[in-house]
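See below for the structure under consideration.
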Amino acid sequence: MTSGSTTSLSPAPRPVRTPPRGAPSRGVPARAVPPGRAPARGPEPLLRRLVGAAFRRRRAAQRRTLADVAAEARISVAYLSEIERGRKEPSSEVLVAVCRALGIRLVDLLTEVAAELLAAEARTPAAGPRARAVDPRALAAVRRLDSRPEHPAAPPATPAPDAPTAALCEAYLCVA
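Numbering (the working numbering), first residue to last: 4 to 179.
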């Protein structure tokens, strides 16, 4: 080689070939469903998306900007935006900070999210014999909690949350 020449010794890239439509692919075969089992239901809604959507609805109802709520919660505007779009899963500390900035209680946020989860589960067809039906009493309890006024005149002495709300709080916040 002479100095100054730029000869490349790497092989040329191979073209990517895709099989024609309808032809079997050579990739990993799809898993077969074992006999006696129904295929799984569609994906359940992600908790971070439901929490983010609830925050966005509350903020929009108050006609507040991302910058306003983020400043009050002491988080960045970009982070709050990511939370609202369901792209980031906030810590329990951030959940509490955003709830305070929006003037809502954490239990009210989680009750709203629990109602959405139960409603989504009720709309989804059951997946075979192991599928659990939504307890109508649990759904009614969450709807009752969700229909309460947002800011009661005198807050009651911290009531014990009902089973669905307690389970959601425990699962999301890892409290026992």
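Backbone N, C-alpha and C fix where the C-beta goes; we use that ideal spot for every residue, glycine too.
Just so you know, these numbers come straight off a predicted model, no measurement behind them.
- Contact between Phe58 and Leu105 holds, since their C-beta atoms are separated by about 7 Å, short of 8 Å.
- Residue environment analysis places Leu98 among the buried positions, since at least 16 neighbouring C-beta atoms fall within 10 angstroms of its C-beta.
- Arg61 and Pro46 have their C-alpha atoms spaced approximately 26 Å apart.
- Thr68 is classed as exposed because its beta carbon has fewer than 16 other beta carbons within 10 Å across all chains shown.
- Within the same chain, Cβ atoms closer than 6 Å to the Cβ of Leu53 are found at Val116 and Glu119, the five residues on either side in sequence being excluded.
- Inside the segment 52 to 88, DSSP marks whole alpha helix (DSSP H) runs of 4 or more residues at positions 69 to 76 and 80 to 87, from first to last along the chain.
- Counting only the Cα atoms, Ala73 lies some 6 Å from Leu83.
- The three-state reading of DSSP puts Ser94 in coil, since its state is none of H, G, I, E or B.
- Judged by beta-carbon spacing, Ile78 lies beyond the 8 Å limit of Gly55, meaning their Cβ atoms are not closer than that value.
- In this structure Leu49 is exposed. Its beta-carbon is surrounded by fewer than 16 other beta-carbon atoms within 10 angstroms.
- The continuous alpha helix (DSSP H) containing Leu109 extends over residues Leu109 to Arg126.
- Between Ala76 and Val110, the C-beta spacing is not below 8 Å.
- By alpha-carbon distance to Lys91, the top candidate from Val80, Arg51 and Ala143 is Arg51.
- In the structure shown, Leu105 adopts helical secondary structure according to DSSP, grouped into three states.
- Between the alpha carbons of Ala81 and Asp71 lies a distance of about 12 Å.
- Annotation for Gly89: Arg51, Arg52 and Gly55 place their beta carbon closer than 6 Å to its own, counting only its chain and skipping 5 residues before and after.
- Thr127 has its alpha-carbon roughly 29 Å from the corresponding atom of Arg108.
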